[in-house]
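Just so you know, the sequences run in chain order A and B.
Per this note's numbering, the very first residue in the first sequence carries number 205; after that it's consecutive.
Per this note's numbering, the very first residue in the second sequence carries number 2; after that it's consecutive.
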Amino acid sequence: MKLSLHRRVGAVALTGALAISLAACGSDNATGDAATAGTDTAAASDLSGDLNAAGSSAQESAMEAWRAGFQATNPSVNVNYDPVGSGGGRTQFLEGGVQFAGSDAALSDEEIETSKETCVGGQAINLPTYISPIAVVFNLEGVKELNLSPAVIAGIFDQKITNWNAAEIAADNPGVTLPDLAISPVNRSDDSGTTKNFTDYLASTAPDAWPYKADGVFPVAGGQSAQGTSGVIQTVQGGNGTITYADSSKVGELGTAKIKVGDAWVGHSPEGAAIAVDASPRVEGRIPTDIAIKIDRNTTEADAYPLVLTTYEIACTVYADANDAALVKAFLSYVVSDEGQTASASAAGSAPISAELAAEVQAAIDTIKAAA
Amino acid sequence: MEGFAGRAFRWTATGAGALILAVLAAVAVFLIIRAWPAMSARSGELSEKINWFPEGQSLLQFIGPLVWGTLLAAAIALIISMPLSVGIALFISHYAPRRLANTLGYVIDLLAAIPSVVYGLWGGLWLIPKLQPAWAWLADNFGWFPPFAGPASDPPRVILSVSLVLAVMILPIITAVCREVFLQAPVLHEEAALALGATRWEMVRMAVLPFGRPGIISAAMLGLGRALGETMAVLMILSPGALYSLALLKVGQQQTIAANIALQFPEADPLGVSTLIATGLALFVITLVVNMAARAIVARRKDFSGAN
């Protein structure tokens, strides 16, 4: 009897393990010090109520900082952010479950169409709130910096260029001693906005070397991969000759590549990312207050770094409830303010949007209103 | 006549037993209901709507490699840990001086208390870089044996590394059960064997192991159960793939069900969640089958066992 008892315990333990695995939720950013966003300006406002949002898990630490900063001046407002993922956040928003969504990608035309129902006569708009430069990161003994053109990066991640001493790499890096060592490209194993922007960059800048389209799921199988930004960084650190793409704030001591922009080699920097975003056109066919940016990956603007991810907050232009409209306006205005941008930059390591873009976003936020 | 206390105890005990069945049934019902949208989706719908779902595959084609990866990782873990566990258990029960045996037993039990995420961190951060030379050596010298075909990946985020960590994780529970069973081997049999001139090893082989066989199988199944469902350690160590591959030293070959659920869940839409739950249902069925098989094996050898 004793043994059969053991087996039953085993079965229950397993079902438990299954439940835990279902609940295990990844978040790739360490939460920063949210308290830095505290403020002593302005008396407490008279806004009150619940502001519910959902979306990108990568926005979680920025959102923590914004919530802390916003609630310091608006103590009666409860800001709730559910990091269900960009897709989940957009779905919840379009179903009217949350007042706004955080997303690593702007709404598509179909989603804008759907939103007209949710937004009582208005429609959804995309508001860029911060920029993350994506760095190409490698671990190669004695080499801290490399020049990598889009075609070479594409070749490496498509597993076509397999050795660090390949002629393609050497051609762009005169004077650098490249070892005879296998290249281990590392990609994200989860569905991520970082991967989507990285593959979009390769598909736009090196279509001959990168025959895949932009996708949140990495298209090439059989390579090293890991979950989340911290996972890929840790994998790169753990091997020799490894290379990956990751949010530039998490790079640490690893080497990073300068990418080819026009005829120049440009390293990642918050300023370069902001320049690239400012030089990019809007997505066509949208209303003026919908600031969906189509990053121009092929930009030749001086010092621009076009390998970036823009994050959006997605809100309605019209809300059925006047209080909802007031809360969304107040919160998003805080987010694009200098104070809000500083808070997210220190908590999430993101690059702030430029002053001009912030002014445009603020103008768009000002048009949000309640249904008459 | 039963007193009030007796009756109360009987009902409590019965209730506790029934509760386990109820929980098991509830889990099964939950899995089936939540997995239904994915199971009933028309062909092509899943790959169309779910970003990470492989193009042009059916649900079964998707689950297949995951089941393979899960079974492979658990089986290798069991192959590594079984001889070790039985050895440790025998040492504790029949070879070690009593005081050492007590200490050792305590340490083994302590290993079982370490959370799996800690094993994952330890495996991913500390063990993985150190395994690379060993796996490279294996690929260089035994590469003719297909599972060890090289080149060994660097960093070795491969299924063999995962299985090694899983083996350490399931070692304590297998050892603990084996030790208890070996300690119950009839002393008369052991003494008889020794009196007939058997060496200690012969005594163990003739009196202890045959007696303990059902217990060893039971212990193995308990360990296998834990290895099948292990999530965090696999998630943190393995570079996943979706192939029916035997290559143990290459990355991007296999993935386990539990780790895949944890990996894809955060960004999954409702149909994606349903698909993941369908894979969870597959894991649930595998676990049930493993347990039932173990029960059948033990039942067949019942006559050997004095413990039952």
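We treat Cβ as the ideally placed atom computed from N, Cα and C, and that holds for glycine.
None of the values given here were measured: they were computed from a predicted structure.
The C-alpha of A/A567 lies about 51 Å from the C-alpha of B/L61. Below 8 Å, enough C-beta pairs join the region 405-414 of chain A and the region 353-372 of chain A to call them touching: three or more. In the structure shown, A/G253 falls within a strand segment according to DSSP collapsed to helix, strand and coil.
When DSSP states are grouped into helix, strand and coil, B/I80 belongs to the helix group. Counting along the chain, A/S434 sits inside the alpha helix (DSSP H) bounded by residues 432-442.
Residues of the region 408-432 of chain A with a Cβ closer than 7 Å to any Cβ of chain B, in chain order: G420, V421, A425, G426, G427, Q428, S429, A430, Q431.
When A/T460, A/D376, A/S280, A/A258 are compared, the shortest CA-CA separation from A/A534 is found for A/S280. Under the three-state reduction of DSSP, B/L60 is assigned to helix. A Cβ-Cβ distance of about 5 Å is found for the pair A/A339 and A/V455, placing them in contact under the 8 Å criterion. Minimum Cα-Cα distance from B/G45 among the listed residues B/I287, B/F31, B/F63, B/A29 corresponds to B/F63. Listed along chain A are G427, Q428, each with a C-beta nearer than 7 Å to that of B/V252. If you compare the alpha carbons of A/R392, A/N256, A/L536 with that of A/Q303, the shortest gap goes to A/N256. For the options B/A260, B/P147, B/P84, B/N52, the alpha carbon positioned closest to that of B/V118 is the one of B/A260.
For the C-beta of B/G242, the chain A residues within less than 7 Å are, from N- to C-terminus, A425, G426. For B/I278, the enclosing alpha helix (DSSP H) covers residues 271-301.
Within the region 104-133 of chain B, the residues whose Cβ lies closer than 8 Å to any Cβ of chain A are, in chain order, G125, L126, I129, P130, Q133. Taking the CA atoms as reference points, A/V421 sits about 34 Å from A/V324. Using a CB distance cut-off of 8 Å, A/N367 does not count as an interface residue toward chain B.
Rounded to whole angstroms, the gap between the alpha carbons of B/V299 and B/I218 is 7 Å. Within chain B, the residues G125, L126 have their CB atoms less than 8 Å from the CB of A/Q438, given in chain order. Restricting attention to beta strand (DSSP E) runs no shorter than 3 residues, the region 195-228 of chain B encloses none. Between the alpha carbons of A/G273 and A/A305 lies a distance of about 19 Å. Flagged as an interface residue toward chain A: B/R158, by a C-beta distance shorter than 8 Å. In the structure shown, the three-state DSSP call for B/A260 is helix.
The DSSP-derived three-state label of B/R35 is helix. If you draw a straight line from the Cα of A/A269 to the Cα of A/S260, it comes to about 15 Å. Going by beta carbons, B/I174 and B/L223 fall inside the 8 Å limit. For A/S388, the chain B residues whose C-beta falls within less than 9 Å of its own C-beta are S154, D155, P156, V252, listed in chain order. In terms of Cβ geometry, A/Y516 and A/A371 do not form a close pair [threshold 8 Å]. For A/G289, the closest Cβ of chain B is nearer than 8 Å. Within the region 353-412 of chain A, the runs of beta strand (DSSP E) that reach at least 3 residues and sit entirely inside it are, in chain order, 388-392. Taking 8 Å as the cut-off, the beta carbon of B/V159 is found no closer than this to the beta carbon of B/L73.
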